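Engineer:
Residue numbers (the numbering used here): 162 to 330.
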């Protein structure tokens, strides 16, 4: 028996296991971040009588007022029918307003009402539970945050590309 062949096969199995461990660690890490962020969002939402999706709607519309339903759906990566139901309930609750845009009367824009702006400040303002909880990120050097975000974008692109390959096969 050639021991060099055994060594190479053993090394290949070790490398595969090592890669598997790293993949497992990456998956576990993202799940932990997702779970922790979800718990924080639910807790804050419960205090305000909002769902996590409604909180994200508040945040997006605060940053980008007067979005169409399609644009809002794209920003939150949700289907239009899902977004339509969320917006409808928020309009009925007096949190959002629907208005036709002056520059294009065919387009109905969604924006925060006065109540919506107040809720947005409670959810995401300087003293909010979310802002305080994520305050530790301020201590991270900006270049580390940039690297983390670049890695996330790269991973998202890879996963989307692979998902598209699967759909096309």
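Beta carbons: idealized from backbone N, C-alpha and C, even for Gly. Quantities reported herein were computed from a predicted structural model and do not represent experimental measurements.
Would you mind listing the beta strand (DSSP E) stretches within the segment 210-258 that are 3+ residues and don't spill past its ends, in chain order?
Structural biologist: none
Engineer: In the DSSP output, what is residue 273 paired with across the bridge?
Structural biologist: 257
Engineer: Secondary structure at residue 287, three-state DSSP: helix, strand or coil?
Structural biologist: coil
Engineer: Helix, strand or coil for residue 301 per DSSP?
Structural biologist: coil
Engineer: For the segment 287-305 against the segment 248-261, do three or more pairs of beta-carbon atoms, one drawn from each stretch, fall closer than 8 Å, so that the two count as touching?
Structural biologist: no
Engineer: For residue 218, count the other beta carbons within 10 Å of its own beta carbon; 16 or more makes it buried, fewer makes it exposed. Which is it?
Structural biologist: Residue 218 comes out buried.
Engineer: Here's the rule I'm using: 16 or more other beta-carbon atoms within 10 Å means buried, otherwise exposed. How should residue 167 be labelled?
Structural biologist: Residue confidence is low: residue 167 scores 47 on pLDDT, short of 50, so the model does not pin down where it sits. No coordinate-derived value is stated.
Engineer: Does the segment 278-286 come close enough to the segment 233-250 to have 3 or more Cβ pairs within less than 8 Å?
Structural biologist: no
Engineer: Using 8 Å as the Cβ pair cut-off and three pairs as the minimum, do the segment 265-274 and the segment 303-310 touch?
Structural biologist: Flag = no, the segment 265-274 and the segment 303-310 do not touch.
Engineer: Can you list, in chain order, the residues of its chain with a C-beta nearer than 8 Å to that of residue 164? Leave out the 5 residues immediately preceding and following it.
Structural biologist: Residue placement at residue 164 cannot be trusted, given a pLDDT of 49 that sits under 50; the coordinates are not used to answer.
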